[in-house]
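Novice:
Numbering (the UniProt record's numbering), first residue to last: 1 to 932.
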């Protein structure tokens, strides 16, 4: 595929503007803006000079840029990657055959949708004449592929029979994950031909909303949610009757009332307005008094509020909606302008959907006792303000309602939340220790498109200072407290179960995507480094570009291994373990540049050395998330900090639950950690990490326009697997690496390292399936196996604690500081070091200079030391006796010198020590004997 720079140099902008349909009244003048009425053409194209390619600018709006920006400006793409793909297709530019992935064949429903979209012109008259949608809006939506036309009829049935079919407008619904058509809704022009059935659905319906204009949705700040596609068109017509595409308001349809099955995360950062059908109460049956449309809007409100999305309900009381069922009926009767006003007229009640008039015959969302019902209707809310109607009675003027300020914010929701235990969130086991708290969600004037949420315990519910600290001004504390007493009865509305974990978690036995806003931490800043993280999203094609860029930036896939490790970390909740990562590099090898790119690519956080000075800071950096974190230059810290860091890394290899502080705040140590630097002092963690080295492997720079990896979509993809499926795939990876591992089968340390690299192999295979990349791409598996074997061979003599202890002891002997007797002796033709293991441990534990080293050792008893020495095969004889300075010293272990050398340990002994020669004695031991 041609790069962005190549496209900018190749494509002539005047030609592109003509292909995009931009109007140019004067052949030598400017172009008209495509997204508004531009009476005086304001878009100019000019030679940028030094840049080497042409550029454009809209002198009215200030927009401008290259050919890629022009495609986005004209609404043909939503981001740079889509624009580049559009340009390749528009100009027929070839793609790199070695990197391209064969396009999957279209499904039957996609083929059908394409056929219907091609005939969409036949449905225009229906929308314009019968549904009163303005013609410019219809034309704009047709360009977006929002509707099609079908004239299919069933040859086995006669006109008028149910299922006959006939002319119909079709509305394709697409998956936000893959952009594929998953379902089609039909509206028949003549229902009588189809047995009086007005609508029909084909394909998937539940869980997939209808989005008429995806580009407008990404740009919009306000989204109208309605039931049907026709009503979505009506809402768009109300805010953009000229079809210019410059409105910040758009609409989507739920395609029915199954709103609880839709994942509403895609509306974060926007304001939602619900305008469902104005259904009359059901007159008979078990659901007597219920209203399906408005009650579905209640569910949407609950779902959005739980996601911190401001959600409002259109007020359908007061007479304006009498005899009107849906939004298209309102457009028919009142026209676009008044329809717009109606959509901006929202309910003013404390609990949306709970009318203040309490009309009889309707099912009430919140039944209230008389003393609360009397006061409930006096409280009124705006989008970010709450007031109270004070009733004043005058003899002359009669009764007056005077609004009084209560607080400078709106309480959007007060709900009980049951939080799953950390053990249940990680393992998927039934929850035996849930926690219940209150979640208060408020809207403040500074955040019109986001809600602020905080967690309260029962004793904090009526604490004015807590509300004031988070929300702002409380002008009438008495009325405010009374309002809380009413809302306390509504805590079952929006009651939910939550998981305090960012990443892939388990909830009720199901794997789920859980982001920062989905959590309910009592102290979010301390409990999780990603407490407010929303993962980047995108398409698998964008993910493929990221993999290709990281493959090219360092040779032997040194950078791609790091990316695979970071993305695969979310598999930890399936496997129970995930290795840490050691990234080594020399000066100027590009480590810092790579880490900065990784931070942007996967929303990864690298903590500086200043952030790791205390044990508590280390703890807070790895808590409640499977998304990886990084620790920069750990070797530059003091030995005390290093020891504490290593202890935290030991715990987070799997997971550990701990509680700190007076309130016993819970911390879940689990996040995998990237350890970067020239030297990473984690000798005791060799069996719990994987590594790569950047030194001498520089390749191409990662381009600035590289899209982010779609981490959100990647995690959602992983949630479709079961634990048994992942573990089965993991075992296949272990078996594969076992065949290519250079270590002996009985080497337990090497087996654990092999299992760690099997985690990377598993992540790579799943990423290949997700992005469409071949598993042998870039020889990734070959390079990873080579790195694994190099890692195993270079650390074979360093993995055991006895090696570290003997290294300290031999150093003390060479320096003459060892206080206890030792000697060298020939045993069975081999020179051996005779020393007591108890003396070694006593010397290290009692020497002030070695105290810090001793505290960090995982082995602290001579019994375990002797056991490990024997298992390593370096003990030639146990229970030796030797006379030193006239004293008989027993219980020596004879350690073979040649065996020690195999593990990188080189004892120093005098040249004159030969078979049958004299013993070598500790100098300090000799001085002590002489003084006696």
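Each residue gets a CB set at the ideal place from its N, CA and C atoms; glycine is no exception.
1) Pull up the distance between the alpha-carbon of residue 562 and that of residue 759, whole angstroms please.
2) Report yes if the CB atom of residue 273 is closer than 8 angstroms to the CB atom of residue 451, and no otherwise.
3) Quick check on the DSSP output: the alpha helix (DSSP H) that includes residue 70 runs from which residue to which?
4) Take residue 850 and list the residues in its own chain whose beta-carbon comes closer than 7 angstroms to its own, dropping the five residues that flank it on each side.
5) Am I right that residue 717 and residue 627 are in contact with their C-beta atoms under 8 angstroms? What's the rounded C-beta distance?
6) In whole angstroms, give me the CA-to-CA distance for residue 713 and residue 538.
7) Given this structure, state the Cα-to-Cα distance separating residue 21 from residue 74, to the nearest angstrom.
8) Helix, strand or coil for residue 603, going by three-state DSSP, please let me know.
9) For residue 540 versus residue 790, is the C-beta spacing smaller than 8 angstroms?
10) Report yes if the C-beta distance between residue 507 and residue 408 is below 8 angstroms; otherwise report no.
11) In terms of alpha-carbon separation, which member of 373, 347, 756 lies closest to residue 412?
12) If you count every other CB in all the chains shown that lies within 10 Å of the CB of residue 40, and 16 or more means buried, which is it?
13) Any idea if residue 379 is buried or exposed, counting beta-carbon neighbours within 10 angstroms, 16 or more meaning buried?
14) Quick one: using the 10 Å Cβ neighbour count with 16 as the cut-off for buried, is residue 102 buried or exposed?
15) Going by Cα to Cα distance, which pick from 675, 34, 456 is closest to residue 58?
16) Going along the chain, which residues of its own chain have a beta-carbon closer than 6 angstroms to the beta-carbon of residue 292, five neighbours each way excluded?
17) Determine the closest residue to residue 298 out of 365, 319, 330, with distance taken between C-alpha atoms.
18) Helix, strand or coil, according to DSSP, for residue 835 in the structure here?
19) For residue 602 versus residue 671, is the C-beta spacing smaller than 8 angstroms?
20) Figure out for me which residue from 350, 355, 884, 269 has the closest Cα to the Cα of residue 483.
21) If you draw a straight line from the C-alpha of residue 774 to the C-alpha of residue 737, how long is it?
22) Label residue 720 either buried or exposed according to how many other C-beta atoms from any shown protein chain fall within 10 Å of its C-beta, with 16 as the threshold for buried.
23) Give the range of the alpha helix (DSSP H) segment to which residue 676 is assigned.
24) Pick from 248, 764, 376: whose alpha carbon is nearest that of residue 490?
25) Leaving out five residues on either side along the sequence, give the residues of the same chain with a beta carbon under 6 angstroms from the beta carbon of residue 81.
26) Find out if the Cβ-Cβ distance for the pair residue 935, residue 494 is shorter than 8 angstroms.
27) What residue range is occupied by the uninterrupted alpha helix (DSSP H) comprising residue 822?
28) When you compare only the Cα positions, how much space is there between residue 788 and residue 800?
29) Determine the burial state of residue 369: buried for a count of at least 16 other Cβ atoms within 10 Å of its Cβ, exposed for fewer.
30) Considering Cα atoms alone, identify which of 121, 150, 152, 155 is closest to residue 139.
31) Buried or exposed, going by whether 16 or more other CB atoms sit within 10 Å of the CB of residue 935?
32) Which value, in whole angstroms, describes the spacing of the CA atoms of residue 825 and residue 853?
33) Taking the continuous beta strand (DSSP E) assigned at residue 411, which residues delimit it?
34) Is the beta carbon of residue 516 sitting closer than 8 angstroms to the one on residue 500?
35) Is it true that the CB of residue 222 sits closer than 8 angstroms to the CB of residue 203?
36) Using DSSP with H/G/I as helix, E/B as strand and the rest coil, what is residue 848?
Specialist: Based on what the coordinates show:
1) Counting from 1 along the chain shown, the entry for residue 562 is found at position 562. Counting from 1 along the chain shown, the entry for residue 759 is found at position 759. Approximately 12 angstroms between the Cα atoms of the pair.
2) Reading the chain shown from its first residue, position 273 is the one you call residue 273. Reading the chain shown from its first residue, position 451 is the one you call residue 451. No. Outside cutoff.
3) Here residue 70 is taken as the residue at index 70 of the chain shown, counted from 1. 67-73 is the span of the alpha helix (DSSP H), which, as asked, contains residue 70.
4) For this step, residue 850 is matched to residue 850 along the chain shown. Correct list, in chain order: 808, 844.
5) As a first step, residue 717 must be located in the chain shown, where it is residue number 717. As a first step, residue 627 must be located in the chain shown, where it is residue number 627. Wrong, their Cβ atoms sit about 16 angstroms apart, outside the cutoff.
6) As a first step, residue 713 must be located in the chain shown, where it is residue number 713. As a first step, residue 538 must be located in the chain shown, where it is residue number 538. Approximately 7 angstroms, taken between the alpha carbons.
7) Within the chain shown, residue 21 is the residue found at index 21, counting from 1. Within the chain shown, residue 74 is the residue found at index 74, counting from 1. In a straight line, the C-alpha of residue 21 is about 9 angstroms away from that of residue 74.
8) For the purposes of this step, residue 603 is taken as residue 603 along the chain shown, with counting starting at 1. Three-state result, residue 603: coil.
9) In the chain shown, the residue the question calls residue 540 occupies position 540. In the chain shown, the residue the question calls residue 790 occupies position 790. It is not a contact, given that the beta carbons lie outside the stated cut-off.
10) Residue 507 sits at position 507 when you count from the first residue of the chain shown. Residue 408 sits at position 408 when you count from the first residue of the chain shown. The answer is no: Cβ separation not under 8 angstroms.
11) Along the chain shown, one-based indexing puts residue 412 at 412. Checked all of 373, 347, 756; the closest Cα to residue 412 is 347.
12) Locating residue 40 in the chain shown gives position 40, where the first residue counts as 1. The residue is exposed, with fewer than 16 neighbouring Cβ atoms inside 10 Å.
13) To locate residue 379, count along the chain shown from 1; it is residue 379. The residue in question, residue 379, is buried, as its Cβ has 16 or more Cβ neighbours within 10 Å.
14) Within the chain shown, numbered from 1, the residue matching residue 102 stands at position 102. At residue 102 the pLDDT is 40, less than 50, meaning the model places this residue with poor confidence; the figure from the coordinates comes in the next sentence. Counting Cβ neighbours within 10 Å, residue 102 comes out exposed, since fewer than 16 surround it.
15) As a first step, residue 58 is located in the chain shown; it is residue number 58 there, counting from the start. Of the candidates 675, 34, 456, the one whose C-alpha sits nearest the C-alpha of residue 58 is 34.
16) If you number the chain shown from 1, residue 292 lands on position 292. Closer than 6 angstroms at the Cβ level, and outside the excluded window around residue 292, lie 257, 279.
17) Position 298 of the chain shown holds residue 298. Closest option to residue 298, Cα to Cα, is 365.
18) Counting from 1 along the chain shown, the entry for residue 835 is found at position 835. Three-state result, residue 835: strand.
19) Looking up residue 602 in the chain shown gives position 602. Looking up residue 671 in the chain shown gives position 671. The answer is no: Cβ separation not under 8 angstroms.
20) Reading the chain shown from its first residue, position 483 is the one you call residue 483. With distances taken between Cα atoms, residue 483 lies closest to 350.
21) On the chain shown, position 774 is the one that residue 774 refers to. On the chain shown, position 737 is the one that residue 737 refers to. The straight-line gap from Cα to Cα measures roughly 19 angstroms.
22) Against the chain shown, residue 720 aligns to sequence position 720. So residue 720 counts as exposed.
23) Reading the chain shown from its first residue, position 676 is the one you call residue 676. Looking at the DSSP string, residue 676 is not in any alpha helix (DSSP H); the run it does join, the beta strand (DSSP E), is 673-677.
24) Along the chain shown, read from residue 1 onward, the residue named residue 490 stands at position 490. Of the candidates 248, 764, 376, the one whose C-alpha sits nearest the C-alpha of residue 490 is 376.
25) For the purposes of this step, residue 81 is taken as residue 81 along the chain shown, with counting starting at 1. Counting only Cβ-Cβ distances below 6 angstroms, and skipping sequence neighbours, we find 542, 707.
26) This structure gives no information on residue 935, because the portion of the chain shown stretches from 1 to 932.
27) Start at 1 with the first residue of the chain shown, and residue 822 comes out as number 822. Counting along the chain, residue 822 falls outside any alpha helix (DSSP H), and DSSP gives it neither H nor E.
28) Locating residue 788 in the chain shown gives position 788, where the first residue counts as 1. Locating residue 800 in the chain shown gives position 800, where the first residue counts as 1. Distance between the alpha carbons of residue 788 and residue 800: 18 angstroms.
29) Reading the chain shown from its first residue, position 369 is the one you call residue 369. Its Cβ having fewer than 16 others within 10 Å, residue 369 is exposed.
30) For the purposes of this step, residue 139 is taken as residue 139 along the chain shown, with counting starting at 1. Comparing Cα positions, the closest option is 121.
31) The shown model of the chain, from 1 to 932, leaves out residue 935, and the question about it has no answer.
32) Residue mapping note: residue 825 aligns to position 825 of the chain shown, counting from 1. Residue mapping note: residue 853 aligns to position 853 of the chain shown, counting from 1. Cα to Cα, the separation comes out at about 29 angstroms.
33) Along the chain shown, read from residue 1 onward, the residue named residue 411 stands at position 411. Counting along the chain, the beta strand (DSSP E) containing residue 411 begins and ends at 410-419.
34) Residue mapping note: residue 516 aligns to position 516 of the chain shown, counting from 1. Residue mapping note: residue 500 aligns to position 500 of the chain shown, counting from 1. The answer is no: Cβ separation not under 8 angstroms.
35) The sequence position of residue 203 within the chain shown is 203, counting from 1. The sequence position of residue 222 within the chain shown is 222, counting from 1. For residue 203 and residue 222, no; Cβs fall outside 8 angstroms.
36) Stepping through the chain shown from its first residue, residue 848 is reached at position 848. Of the three classes helix, strand and coil, the one that applies to residue 848 here is helix, per DSSP.
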